[in-house]
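Heads up: the sequence shown begins at 5 in our numbering, then just goes up one per residue.
Note that beta-carbon positions come from the ideal geometry of N, C-alpha and C, so glycine has one too.
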Amino acid sequence: MSEYQNDLILKMIRGEKTPRFPVWMMRQAGRILPEYRSVRAGLKDFKELVETPERAAEVTIQPVDLLGVDAAIIFSDILVVPEAMGLPYQMIEKKGPWFDKTIRSEADLNLISDTIDVADRLGYVAEAIQIARRGLNGRVPIIGFAGAPWTILCYMVEGEGSKTFSKSKKLLYANPQLAHQILTKITNVTIAYLKLQIQAGAAIVQLFDSWAGVLGPTEYSEFGTKYVKQICDAITEVPVTVFAKGAYYARHELAKLSCQTIGLDWNMGIEESRKIVGTDKTLQGNLDPCVLYADFSTIETKTKNLLNSFGNQRHIANLGHGVYPDTDPEKVKCFIETVKGFAIN
Numbered sequence: 005m006s007e008y009q010n011d012l013i014l015k016m017i018r019g020e021k022t023p024r025f026p027v028w029m030m031r032q033a034g035r036i037l038p039e040y041r042s043v044r045a046g047l048k049d050f051k052e053l054v055e056t057p058e059r060a061a062e063v064t065i066q067p068v069d070l071l072g073v074d075a076a077i078i079f080s081d082i083l084v085v086p087e088a089m090g091l092p093y094q095m096i097e098k099k100g101p102w103f104d105k106t107i108r109s110e111a112d113l114n115l116i117s118d119t120i121d122v123a124d125r126l127g128y129v130a131e132a133i134q135i136a137r138r139g140l141n142g143r144v145p146i147i148g149f150a151g152a153p154w155t156i157l158c159y160m161v162e163g164e165g166s167k168t169f170s171k172s173k174k175l176l177y178a179n180p181q182l183a184h185q186i187l188t189k190i191t192n193v194t195i196a197y198l199k200l201q202i203q204a205g206a207a208i209v210q211l212f213d214s215w216a217g218v219l220g221p222t223e224y225s226e227f228g229t230k231y232v233k234q235i236c237d238a239i240t241e242v243p244v245t246v247f248a249k250g251a252y253y254a255r256h257e258l259a260k261l262s263c264q265t266i267g268l269d270w271n272m273g274i275e276e277s278r279k280i281v282g283t284d285k286t287l288q289g290n291l292d293p294c295v296l297y298a299d300f301s302t303i304e305t306k307t308k309n310l311l312n313s314f315g316n317q318r319h320i321a322n323l324g325h326g327v328y329p330d331t332d333p334e335k336v337k338c339f340i341e342t343v344k345g346f347a348i349n
């Protein structure tokens, strides 16, 4: 007997037969919902919401109640890891993340530490998962997450978002030894952090390598998948999903990882990805989030086309990236309801 009333996503990840494809969306716990904005309005800023377990849990549960998704993903941010390691960040409205201090040289390496007490520094995330789990009362599983080491390094080096991530890439070529030192520290903390989330009740964890696609195949193999592999090998308690946005060339390598699910962005064809990955892993994705700007009929058609491309293989319906904040929640519901009404042959 499952501990969840709806364990469709866990069954699909395990390769068990299910009547339909499970569905959830990246960034579902967030700005598309007026109810989220209402909670956010009562707090000082985004970070206060992330760091207040009761409120983070509340917005984690909202998409389950309001959209009918098959999993909740804990409301947090990938940048809590660099902050816990010693590099605090600010989330500036309409601009994005900002770090006052960055790591560009060996001298800067002492700004961060991987010998931290993760439970102490990131306990608010664990507490939010525990509260959300109680609130969900076994309705659906909770997904925990972290940023992959390469993506976290990008923020530690750039100090903000970037179109090119040229400072981070410069480090790889000019001082690869330092890059590997930073990546090792991030990896150590990320493993401990994911285990903390699992202990708190996360039933699945996902690694977001948001900036994987800015590297070429050789560089991503050395500075990306090498560290993702270490994390996948270390997390044995629950299924792991790896989402390496833009790294379409890395699918052969990702297929060899000890993860159970591989996330696809909208540039990675379903049928081609299935041939590369094989049949013993679940694929997740990959509707273009911009499809949700279309009319209801188009959303329904595009979603059915996507589901038909899955065949009867192991697949979780999702977007190819996070849902955009100006998306109409009714269009999101159209996508989710179309998935839920589509029977697997």
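Suppose you measure from the CA of Y93 to the CA of G142; what does that come to, to the nearest Å? 34 Å
Segment contact, 8 Å Cβ cut-off, at least three pairs: the region 173 to 190 with the region 235 to 243: no
According to DSSP, residues forming a beta bridge with I316: Correcting the residue identity first, residue 316 is Asn in this sequence and not Ile. DSSP output for N316 lists no bridge partner at all.
Taking the Cβ atom as the reference point for each residue, do I146 and I135 lie within a distance shorter than 7 Å? no
Relative to the C-alpha of P86, which candidate in A76, K174, N192 and K15 has its C-alpha closest? N192
In whole angstroms, give me the CA-to-CA distance for N290 and L47. 33 Å
Residue ranges of each alpha helix (DSSP H) run of no fewer than 4 residues wholly in the region 245 to 314, ordered along the chain? 255 to 259, 274 to 281 and 300 to 314
Looking at C-beta atoms only, is the number of pairs between the region 320 to 330 and the region 32 to 42 that lie closer than 8 Å three or more? Segment contact: the region 320 to 330 against the region 32 to 42, three or more CB-CB distances shorter than 8 Å; contact assigned.
At least one CB of chain C closer than 7 Å to the CB of D118: is that the case? This model lacks chain C altogether; it includes just one protein chain.
Please classify D121 as buried or exposed, where buried requires at least 16 neighbouring CB atoms within 10 angstroms. exposed
Let me confirm a value: C236 is counted as buried when at least 16 other C-beta atoms fall within 10 Å, else exposed. Which label applies? buried
Who are the near neighbours of F169 in its chain, counting only those whose CB is closer than 7 Å to its CB and skipping five residues on each side? C158, E162, W215 and V218
Sub-7 Å separation of E244 and C263 beta-carbons: Strictly speaking, residue 244 in this sequence is Val, with Glu absent from that position. Closer than 7 Å, so yes.
Could you name the residues of the same chain whose beta carbon sits closer than 6 Å to that of G148, not counting the 5 residues immediately before and after it, in chain order? I78, Q201, A206 and V209
Please state whether the Cβ-Cβ distance between Q288 and G267 is less than 7 Å. yes
So who's on the other strand from R24, going by DSSP bridges? In the DSSP output, where bridge partners are listed per residue, R24 has A347.
Assign I190 to one of two classes, buried (16 or more other C-beta atoms within 10 Å of its C-beta) or exposed (fewer than that). buried
Rounded to whole angstroms, what's the CA-CA distance from Y128 to A183? Just pull it up for me. 29 Å
Rounded straight-line distance, which links the Cα of R59 to that of V43: 7 Å
Quick one: is Q66 buried, meaning 16 or more other Cβ sit within 10 Å of its Cβ, or exposed? buried
Output yes or no for whether 7 Å exceeds the beta carbon distance between L14 and D74. no
Provide the residue span of the beta strand (DSSP E) that contains R93, from first to last. The question names Arg, but residue 93 in the sequence shown is Tyr. Y93: member of the beta strand (DSSP E) spanning Y93 to I96, first to last residue.
Check L211 in the structure and name its three-state DSSP category. strand
With DSSP as the reference, label F149 as helix, strand or coil. Three-state result, F149: strand.
Terminal residues of the beta strand (DSSP E) in which P101 lies: G100 to F103
Would you mind reading off the limits of the alpha helix (DSSP H) that contains E363? The question about residue 363 has no answer, for the chain in this structure spans 5 to 349.
Which two residues bound the contiguous alpha helix (DSSP H) that contains N179? Segment: none, N179 is in no alpha helix (DSSP H) and carries neither H nor E.
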